[in-house]
Amino acid sequence: MDSEKISAKSSLITADLEEQLCGVLGKLTGEAHMVCVVNLADKASVEMAELVRHIARLSDKLTCQFYEPKEAKEELPEIDSSLLPATALYRQGQYTGISFHGVTGGKEMNSLVLALYNVAGPGQEMDKRIRKKLDKLERKSEMKIFVSLSCHHCANQVIACQQMAAVSKMVEARMIDARLYPHLAQQYKIERIPMTIINDDEVLLGVKTIEQMYDILKVYK
Amino acid sequence: MGNMINKEVEPFRVSAFANGEFREVSQEDLKGHWSVLFFYPADFTFVCPTELGDLADHYEEFQNEGCEIYSVSEDTHFVHKAWADASETIRGIQYVMLADPAGVLARQFGVLVEEEGQALRGTFILNPAGKVKAYEIHDMGIGRNAEELLRKVQAAKFVEKHGDQVCPAKWQPGEETLSPSLDLVGML
Chain A
26 MDSEKISAKS SLITADLEEQ LCGVLGKLTG EAHMVCVVNL ADKASVEMAE
76 LVRHIARLSD KLTCQFYEPK EAKEELPEID SSLLPATALY RQGQYTGISF
126 HGVTGGKEMN SLVLALYNVA GPGQEMDKRI RKKLDKLERK SEMKIFVSLS
176 CHHCANQVIA CQQMAAVSKM VEARMIDARL YPHLAQQYKI ERIPMTIIND
226 DEVLLGVKTI EQMYDILKVY K
Chain B
451 MGNMINKEVE PFRVSAFANG EFREVSQEDL KGHWSVLFFY PADFTFVCPT
501 ELGDLADHYE EFQNEGCEIY SVSEDTHFVH KAWADASETI RGIQYVMLAD
551 PAGVLARQFG VLVEEEGQAL RGTFILNPAG KVKAYEIHDM GIGRNAEELL
601 RKVQAAKFVE KHGDQVCPAK WQPGEETLSP SLDLVGML
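Going down the list, the protein sequences come from chains A and B.
If you read the first sequence in the working numbering, its first letter stands for residue 26, the second for the next number, and so on.
If you read the second sequence in the working numbering, its first letter stands for residue 451, the second for the next number, and so on.
1. Measuring CA to CA, which of Glu471/B, Leu638/B, Pro630/B and Gly572/B is closest to His530/B?
2. So if DSSP puts Asp202/A in a beta bridge, which residue, or which two residues, is it bridged to?
3. Tell me which residues of the segment 44 to 65 of chain A have at least one Cβ-Cβ distance to chain B shorter than 8 Å, keeping chain order.
4. Ends of the beta strand (DSSP E) at Val582/B?
5. Which residues in chain A have a C-beta closer than 8 Å to the C-beta of Ala439/B? List them in chain order.
6. Distance check for Ile519/B and Ala468/B, CA to CA, integer angstroms please.
7. Between which two residues does the beta strand (DSSP E) harbouring Thr88/A extend?
8. By how many angstroms is the C-alpha of Leu562/B removed from the C-alpha of Gly553/B?
9. What did DSSP end up calling Phe642/B once you bin it into helix, strand or coil?
10. If the cut is a Cβ gap below 8 Å, which residues of chain A does Thr627/B touch?
11. Spell out the partners DSSP gives Glu167/A in its beta bridges.
12. How far does the alpha helix (DSSP H) with Ala251/A in it extend, from its first residue to its last?
13. How about the segment 138 to 148 of chain A and the segment 181 to 195 of chain A: do they share at least three Cβ pairs that are nearer than 8 Å?
14. Thinking just about the alpha-carbon of each residue, which of Leu628/B, Glu626/B and Ser485/B is nearest to the one in Met547/B?
15. With a threshold of 8 Å between beta-carbons, can Gly613/B be considered close to chain A, or not?
16. Using a beta-carbon distance cut-off of less than 9 Å, what residues from the segment 213 to 233 of chain A approach chain B?
17. Give me the Cα-Cα distance between Leu109/A and Gly122/A, rounded to the nearest whole angstrom.
18. Mapping the DSSP letters down to three states, classify Gln117/A as helix, strand or coil.
19. Just the chain A side, please: which residues come within less than 7 Å of Asp633/B by C-beta, in chain order?
20. Could you pull out every residue in the same chain whose Cβ sits closer than 8 Å to the Cβ of Asn595/B, ignoring the five residues on either side in sequence?
21. Determine the chain B residues that contact His79/A at a beta-carbon separation under 7 Å, and present them in chain order.
22. Taking all protein chains shown into account, do 16 or more other C-beta atoms lie within 10 angstroms of the C-beta of Gly127/A, making it buried, or fewer, making it exposed?
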């Protein structure tokens, strides 16, 4: 796609926030790549594309790439291009299982920044015992975390799920802004958030610890 | 009177009118299930029957939530009966109508207007332990909405079960994207 049209100055990032972001992104030890599937005729897509491009220019450890839905469907089947904007994180050319559907404004900026921190490194600390447990997961599980951008509990749940995805190939954690996809809110009867749906089967309400979520994931074999 | 949240209902025993019969109700009857104490100024007034009728229309939904309704006024149980005899709306009420002529309950919940001997329109949601989890107090003429009360009971039950780690998903289509905020203290 013609990504030159996408501004590298997001209206959602103020000078103060940019300074804070530089402080965190300056700690990155490795690289992360953001892939953003967008329809530039859509306001939310433009907002997210500009946000991603703006963040990418704040660190030489970050890169970004933009796709139209049709291109992405063919080249990046791992990304759900039906929910736009969709942003997925890659490490060394591999999809990490971390993605965001919607604009990571409000509290979800914390989720995006920590996901980058966890993918590129050094990453948040994780108890070695839990890390070993995650290594033993036998089946790939998908977690959809429905959120609202104003909900701080939601960001904590997204962060925990995506931290699991950052260390385990068996975990996929997708943030979904329920406001943007009312058909999904209706389909999954979402009246309270955060709501995490595991493998389209188990429903969790509220913030859970990584250990609590592992106990659910380990059942899937 | 200060904040009522988590105040436990104090001992009381009052007469009541329910389904054509008189009975007594004490604080123990309010425990073991969710309860709503629904104070109103007086029988035979206009806003009250519309409020009480609205509540009666939703009574089954409250029961489905395991919640019992107790309306309370400073009338006697005999006046409640007379009102039911005179009004089709009141006759259709299936919940318990408490009689509080001595003002014991209205005083306990801070809604008694002493000089008038009437209660303000106070609504108190009590958990199964008899503790107030939500309440609102309106001036005499301001009516209440049973649907909104039902939503509050559901929310109170939800929080009791799941803790306060969730937010109501009350988004509106077309809302603007919120400006990002970064708060990573203790997370890196």
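No residue lacks a Cβ here, since even glycine has one placed at the ideal position from N, Cα and C.
Source: prediction; values computed, not measured.
According to the structure data:
1. Comparing Cα-Cα distances from His530/B to each of Glu471/B, Leu638/B, Pro630/B and Gly572/B, the minimum goes to Glu471/B.
2. Asp202/A pairs with Val172/A.
3. So the list reads Gln45, Leu46, Val49 and Lys52, given in the order they occur along the chain.
4. DSSP places Val582/B inside the beta strand (DSSP E), whose first and last residues are Val582 to His588.
5. Residue numbering for chain B in the displayed model covers 451 to 638; residue 439/B lies beyond these limits and cannot be assessed.
6. If you draw a straight line from the Cα of Ala468/B to the Cα of Ile519/B, it comes to about 11 Å.
7. Leu87 to Tyr92 is the extent of the beta strand (DSSP E) around Thr88/A.
8. Between the C-alpha atoms of Gly553/B and Leu562/B there is a straight-line separation of about 7 Å.
9. Here chain B comprises residues numbered 451 to 638, so residue 642/B is not present and cannot be evaluated.
10. In chain order: Leu37, Ala69, Glu72, Val128, Gly130, Gly131 and Leu174.
11. Looking at the DSSP output, Glu167/A bridges to Glu197/A.
12. In the structure displayed, chain A extends from 26 to 246; residue 251/A sits before or after that span and is not available.
13. Yes, the segment 138 to 148 of chain A touches the segment 181 to 195 of chain A.
14. Taking each of Leu628/B, Glu626/B and Ser485/B in turn and checking the Cα distance to Met547/B, the smallest one comes out for Ser485/B.
15. For Gly613/B, the answer is yes, since a Cβ of chain A falls inside 8 Å of its Cβ.
16. Within the segment 213 to 233 of chain A, Ile215, Glu216, Arg217, Ile218, Pro219, Met220, Leu230, Gly231, Val232 and Lys233 place their CB atoms closer than 9 Å to a CB of chain B, listed in sequence order.
17. Taking the straight line from one Cα to the other gives about 17 Å.
18. In the three-state DSSP reduction, Gln117/A falls in the coil class, being neither helix nor strand.
19. Those within 7 Å of Asp633/B in chain A are Asn135.
20. Closer than 8 Å at the Cβ level, and outside the excluded window around Asn595/B, lie Asp504.
21. Per Cβ cutoff of 7 Å: no residues; His79/A is ~11 Å from chain B at best.
22. Buried.
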